[in-house]
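Positions 49 to 953 (the numbering used here) are the ones given, in order, by the sequence shown. Using N, Cα and C, we set each Cβ at its ideal position, and we do this for glycine too. Source: prediction; values computed, not measured. Report on one structure; see the data block that follows.
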Amino acid sequence: MDWQVLFSFIIFTMKHVSAQLHYSTPEELKQGTAVGNIAKDLGLNAKELSVRNFHIVPRGKIQYFSVNLENGDLYMAERIDREMLCGIKPSCLISFEAVIENPLHLYTINVGIEDVNDNAPTFSVDEFEIVISEAALPGAHLPLGHAQDPDLGTNSVQDYKISDNEYFNLGIKINKDGIKFPELVLEKSLDREKQSTYNLILTALDGGKPPKTATASIKITVNDVNDNFPRFNKDTYEVQIHENEPINSLILQLKAQDEDEGPNAEITYSFHYIPEDLLSLFTIEPVNGDIKVIGNLDYELKEKYELTVEAKDGGGLVDHCKVSIQIVDINDNAPEITITSLSATVSEDSPLDTIIAFIRVHDLDSNENGDVACEISDNLPFKLIPTSSNYYKLVTAKTLDREKMSNYNITIKAVDNGTPQLSTNKTIQLTVLDINDNSPLFEKSSYIVYVQENNPQGTSIHRIHASDYDINENAKISYSVISNNIDGIPVSSYVSINSVSGVIYAQRSFDYEQLREFQFQVMAKDGGSPPLSSNATVKICIIDKNDNAPKILYPAPDTEGSALFEFIPHSAEKGYLVTKVIAVDADSGHNAWLSYHLHQVPDPSLFIIGHHSGEIKIGKYLPDMESLRQKIVVLVKDNGVPSLSSTVTLSLVVAENFQQVAPEIKKQPSTSQSSSNMTFYLIVFIVVISVFFVITVIVTVIFKCRKTNIPTSLGTIGRNVYPQFTLGCPSEISDTSLPFPFSYDVCVTLDSKQNEIAYLKPVQNVPTDNLIDTGESTVADQMQQQVQPNSDWRFSQAQRPGPSGAQPTEEAGVWPNNQFETERLQAMILASANEAAEGTSGLGGSTGTMGLSARYGPQFTLQHVPDYRQNVYIPGSTLTPTNAAGKRDGKGGGNKKKSGKKDKK
Numbered sequence: 049m050d051w052q053v054l055f056s057f058i059i060f061t062m063k064h065v066s067a068q069l070h071y072s073t074p075e076e077l078k079q080g081t082a083v084g085n086i087a088k089d090l091g092l093n094a095k096e097l098s099v100r101n102f103h104i105v106p107r108g109k110i111q112y113f114s115v116n117l118e119n120g121d122l123y124m125a126e127r128i129d130r131e132m133l134c135g136i137k138p139s140c141l142i143s144f145e146a147v148i149e150n151p152l153h154l155y156t157i158n159v160g161i162e163d164v165n166d167n168a169p170t171f172s173v174d175e176f177e178i179v180i181s182e183a184a185l186p187g188a189h190l191p192l193g194h195a196q197d198p199d200l201g202t203n204s205v206q207d208y209k210i211s212d213n214e215y216f217n218l219g220i221k222i223n224k225d226g227i228k229f230p231e232l233v234l235e236k237s238l239d240r241e242k243q244s245t246y247n248l249i250l251t252a253l254d255g256g257k258p259p260k261t262a263t264a265s266i267k268i269t270v271n272d273v274n275d276n277f278p279r280f281n282k283d284t285y286e287v288q289i290h291e292n293e294p295i296n297s298l299i300l301q302l303k304a305q306d307e308d309e310g311p312n313a314e315i316t317y318s319f320h321y322i323p324e325d326l327l328s329l330f331t332i333e334p335v336n337g338d339i340k341v342i343g344n345l346d347y348e349l350k351e352k353y354e355l356t357v358e359a360k361d362g363g364g365l366v367d368h369c370k371v372s373i374q375i376v377d378i379n380d381n382a383p384e385i386t387i388t389s390l391s392a393t394v395s396e397d398s399p400l401d402t403i404i405a406f407i408r409v410h411d412l413d414s415n416e417n418g419d420v421a422c423e424i425s426d427n428l429p430f431k432l433i434p435t436s437s438n439y440y441k442l443v444t445a446k447t448l449d450r451e452k453m454s455n456y457n458i459t460i461k462a463v464d465n466g467t468p469q470l471s472t473n474k475t476i477q478l479t480v481l482d483i484n485d486n487s488p489l490f491e492k493s494s495y496i497v498y499v500q501e502n503n504p505q506g507t508s509i510h511r512i513h514a515s516d517y518d519i520n521e522n523a524k525i526s527y528s529v530i531s532n533n534i535d536g537i538p539v540s541s542y543v544s545i546n547s548v549s550g551v552i553y554a555q556r557s558f559d560y561e562q563l564r565e566f567q568f569q570v571m572a573k574d575g576g577s578p579p580l581s582s583n584a585t586v587k588i589c590i591i592d593k594n595d596n597a598p599k600i601l602y603p604a605p606d607t608e609g610s611a612l613f614e615f616i617p618h619s620a621e622k623g624y625l626v627t628k629v630i631a632v633d634a635d636s637g638h639n640a641w642l643s644y645h646l647h648q649v650p651d652p653s654l655f656i657i658g659h660h661s662g663e664i665k666i667g668k669y670l671p672d673m674e675s676l677r678q679k680i681v682v683l684v685k686d687n688g689v690p691s692l693s694s695t696v697t698l699s700l701v702v703a704e705n706f707q708q709v710a711p712e713i714k715k716q717p718s719t720s721q722s723s724s725n726m727t728f729y730l731i732v733f734i735v736v737i738s739v740f741f742v743i744t745v746i747v748t749v750i751f752k753c754r755k756t757n758i759p760t761s762l763g764t765i766g767r768n769v770y771p772q773f774t775l776g777c778p779s780e781i782s783d784t785s786l787p788f789p790f791s792y793d794v795c796v797t798l799d800s801k802q803n804e805i806a807y808l809k810p811v812q813n814v815p816t817d818n819l820i821d822t823g824e825s826t827v828a829d830q831m832q833q834q835v836q837p838n839s840d841w842r843f844s845q846a847q848r849p850g851p852s853g854a855q856p857t858e859e860a861g862v863w864p865n866n867q868f869e870t871e872r873l874q875a876m877i878l879a880s881a882n883e884a885a886e887g888t889s890g891l892g893g894s895t896g897t898m899g900l901s902a903r904y905g906p907q908f909t910l911q912h913v914p915d916y917r918q919n920v921y922i923p924g925s926t927l928t929p930t931n932a933a934g935k936r937d938g939k940g941g942g943n944k945k946k947s948g949k950k951d952k953k
């Protein structure tokens with residue numbers, strides 16, 4: 049094997065690198081024979097070829113060369129026959145491209161195929177028949193058919209020789225193409241009568257070592273005188289035809305002249321020697337010499353044909369001419385688009401000019417028909433950059449965004465410059481890869497969730513959802529609660545969240561009386577790298593449930609001795625206020641509305657109780673007896689569903705004087721002076737309260753008149769008597785009738801013996817952010833289904849504020865606008881109860897009396913509130929705090945009773 053690397057050089061064009069390598073190799077090498085080492089010639093390590101995906105771009109149906117990626121050798125993949133590949137061309141060159149990636153490089157490889165002496169010369173016929181006239185003179189030339197050898201140069205036919213004889217010698221005629229034609233040269237005159245035929249052997253030899261030969265027989269017939277040969281006008285005829293020439297088209301008409309006459313001048317035409325494949329393309333008429341096309345011509349298969357035509361006269365004399373047929377190209381081939389290297393995916397954060405693909409365009413036509421332009425649509429974020437050798441780079445021209453467009457169908461159009469123009473389209477499918485460039489988005493920035501108290505631990509209370517415009521891992525969202533504290537307790541002890549579904553679970557059972565609302569933040573984080581996150585605020589609002597029974601403040605159920613006895617003089621008339629039961633409920637709203645009932649009473653007609661005031665009064669005139677002792681049980685129940693209740697037992701004693709029942713009642717140490725002082729303070733406080741009440745009513749009426757959106761009438765008595773409650777957190781309620789903050793101080797002396805004073809303090813401030821309706825309907829439905837109080841809850845405007853017995857109790861009134869106004873008032877009563885039980889108050893009172901001090905803040909409006917002051921009662925006294933001018937009874941018995949009680953004590 050003889051091969052040699054001729055030269056290599058590298059051309060850098062923009063970011064694309066191309067190089068040309070030239071090799072030379074003999075034909076007919078065995079498969080696997082190495083031609084050269086590409087890795088060495090390119091200055092690469094052989095291992096890089098495999099890692100960087102070095103490959104040859106196929107061209108045509110047969111791939112003659114391949115590369116061994118282990119050692120970098122370029123070897124023969126198919127046996128090459130130069131004669132079949134290039135025919136008679138003096139130079140035979142095979143060109144192909146190779147691509148290596150990471151980074152991308154393009155190489156053009158040219159391999160020159162050297163001719164070897166693999167073909168022996170051949171004659172067109174096995175025997176040449178030569179007719180010569182006996183009149184031929186010595187020196188006459190008799191043309192013979194030349195031998196054909198597909199090899200080139202010295203490997204083609206170099207010499208001829210004939211067998212030894214005395215009449216003929218061999219001469220060589222060389223035409224302008226350098227082809228040697230053998231001729232017989234007559235050495236001496238012939239005598240047909242002595243010898244009419246001669247048989248010689250013609251041998252053709254090529255220049256190989258050793259030379260290859262071909263032989264043909266020469267049969268020479270000596271004929272009678274025909275001493276003129278046919279003669280063509282020219283030795284070579286040249287003609288051009290288009291490759292789309294129709295079948296049976298005449299391309300050339302030959303004419304040979306013979307000066308003889310008769311049969312010796314009759315000329316027939318034939319192809320002297322042409323390859324087999326040409327016989328299916330051309331034909332010649334034997335008589336007139338017309339050459340016609342009988343097959344389909346293709347410029348891309350072969351550009352030129354050469355034919356040898358023989359003219360023979362009737363006497364056997366011949367002449368030859370050469371016909372050269374040049375095929376003219378037409379634009380009958382559309383451009384070809386080849387994707388030599390393609391990245392099917394591209395990241396959306398790829399920089400501009402990122403290479404997507406290398407594209408090769410090729411047209412089999414020639415000249416203008418083979419000039420190709422390549423283009424893509426202008427509305428795509430890509431562009432084509434031309435490089436050398438009909439190659440283009442497809443690169444990014446704009447910033448990509450997968451969320452706007454995740455896939456592209458890039459249609460590449462190649463158009464040639466022929467007439468008419470032909471084009472080819474090829475579509476590349478490109479997928480844009482996602483990067484984590486979008487944070488999770490919550491449906492809302494804040495959520496409000498309503499949870500009824502006493503919920504089971506672990507109950508799911510709400511589900512939040514966040515979405516992410518990214519995909520796959522970048523859109524896989526996990527939820528977590530941002531760690532913070534609620535009143536010093538970690539939020540994780542209150543709630544937890546499912547990191548996958550976003551379902552929020554209660555970690556404990558909530559108690560509305562301890563915690564009414566709290567809020568925390570939930571973070572949604574995606575699975576990208578680095579991860580992105582966003583936060584949302586979740587506010588939990590606890591909804592009250594009727595889980596607290598009413599608590600009786602007075603009379604205290606655990607009071608012993610005389611604390612449960614109430615003294616009634618015989619002079620008391622019908623309507624006389626005997627005592628007042630004071631109770632509160634730790635629940636809120638409807639659940640805290642209380643009603644009072646006589647549960648057990650010996651004579652139901654003797655005493656009556658205000659259902660909503662708790663005032664026990666005489667229902668009829670007392671019987672005429674020295675003393676009467678009645679033991680009654682008062683039932684206090686709330687308005688919840690189911691209703692809860694509490695009872696207290698009272699002993700009511702009717703006697704002319706206190707000494708009659710003194711043994712039964714525990715004596716309370718007191719002084720008349722302290723009682724008198726307490727009465728004075730009460731009167732002063734009531735006057736002050738009345739002044740504030742009048743001013744508050746006037747201001748409230750003026751303010752309410754401006755609010756046209758609030759109805760001024762209660763409408764039909766029934767379900768609409770009371771305002772409908774709206775679901776909301778305490779911090780979300782802000783009404784002008786009872787806004788936060790408010791100031792309300794009450795002190796109550798329960799027992800002068802222990803000198804116990806209870807303060808009713810302001811409820812703590814609660815945030816007042818606006819509510820956002822979350823659509824949770826379960827608790828709201830329960831709230832709407834609460835039983836409305838009966839008509840006994842109605843109070844007249846004149847009754848608010850006022851003493852329990854100063855006004856009738858059956859007039860219509862207005863309750864607090866919402867659940868939380870009721871809760872605020874209720875909180876004041878609860879605070880009074882708690883401090884009274886603890887005995888921590890520091891304000892004194894007189895014996896057997898209850899001290900009262902009330903201060904209403906400037907924003908506290910009693911216009912929409914029931915008279916909660918009716919629950920303030922002075923034990924042991926006939927005086928009820930009032931701002932009315934009337935007396936307790938028509939005879940002024942209240943003052944008399946008070947004086948009488950002091951005397952007895």
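Taking C-beta separations shorter than 6 Å and ignoring five residues to either side along the sequence, the partners of aspartate 166 in its chain run Glu76, following chain order. Taking all protein chains shown into account, serine 557 has fewer than 16 neighbouring C-beta atoms within 10 Å of its C-beta and is therefore exposed. Glycine 575 and asparagine 687 have their C-alpha atoms spaced approximately 52 Å apart. When DSSP reads this structure, histidine 368 sits in a beta bridge with Glu358. The DSSP-derived three-state label of arginine 564 is coil. By the beta-carbon neighbour count (other beta carbons within 10 angstroms, threshold 16), serine 204 is buried.
Among the bridge pairs identified by DSSP, cysteine 140 is matched with none. For the set Phe406, Ile339, Lys628, the Cα lying nearest the Cα of phenylalanine 655 is the one of Lys628.
In the three-state scheme derived from DSSP, where H, G and I count as helix and E and B as strand, asparagine 312 is classed as helix.
Separation of asparagine 486 and isoleucine 525 (C-alpha to C-alpha, rounded to the nearest whole angstrom) is 12 Å. 8 Å or more divides the Cβ of leucine 670 from the Cβ of isoleucine 630. Serine 691 and valine 632 have their C-alpha atoms some 14 Å from each other.
Between alanine 146 and glutamine 79 a beta carbon distance of about 19 Å is seen, past the 8 Å cut, so the two are scored as non-contacting. As for any beta strand (DSSP E) of minimum length 3 sitting wholly inside the segment 571-622, the runs are 581-591, 599-602, 613-617, ordered along the chain. Here glutamate 565 really is in contact with cysteine 777; their C-beta atoms are around 5 Å apart, less than 8 Å.
Put simply, the backbone Cα of aspartate 413 is about 46 Å away from that of glycine 364. Under DSSP, leucine 489 takes part in a beta bridge, and its partners are Ser515.
Lysine 350 and glycine 418 have their alpha carbons spaced roughly 16 Å apart. Residue pairing by DSSP puts cysteine 422 in a beta bridge opposite Ala462. A distance of 8 Å or more separates the beta carbons of alanine 634 and alanine 572. Boundaries of the alpha helix (DSSP H) harbouring glutamate 96: 94-99, taken from the DSSP string. With respect to the 8 Å criterion, isoleucine 407 and isoleucine 387 are classified as neighbours on the basis of their beta carbons. Distance from the Cα of proline 311 is smallest, within the candidate group Phe144, Thr156, Thr356, Asp275, for Asp275. Judged by DSSP in its simplified three-state form, isoleucine 746 adopts helix. With a contact defined as Cβ atoms closer than 8 Å, phenylalanine 102 and isoleucine 148 qualify at about 4 Å. Secondary structure note for isoleucine 342: it is in no beta strand (DSSP E), with a DSSP letter that is neither H nor E. Contact annotation: the segment 548-563 does not touch the segment 454-463, with fewer than three C-beta pairs closer than 8 Å.
Looking at the DSSP output, methionine 124 shares a beta bridge with Phe113.
Secondary structure at phenylalanine 430: strand, using DSSP grouped into helix, strand and coil. Lysine 441: member of the beta strand (DSSP E) spanning 439-444, first to last residue. Serine 297 and glutamine 469 have their C-alpha atoms some 26 Å from each other. Straight through space, the alpha carbons of proline 169 and threonine 245 are spaced by roughly 27 Å.
Runs of the beta strand (DSSP E) lying entirely within the segment 227-258, each at least 3 residues long, are 228-234, 245-254 in chain order.
Approximately 16 Å separates the beta-carbon atoms of leucine 238 and glutamate 177; this is outside 8 Å, ruling out the contact. Within the model, the alpha-carbon separation for histidine 510 versus tyrosine 542 is close to 14 Å.
DSSP places phenylalanine 558 outside both helix and strand once states are collapsed to three, so it counts as coil.
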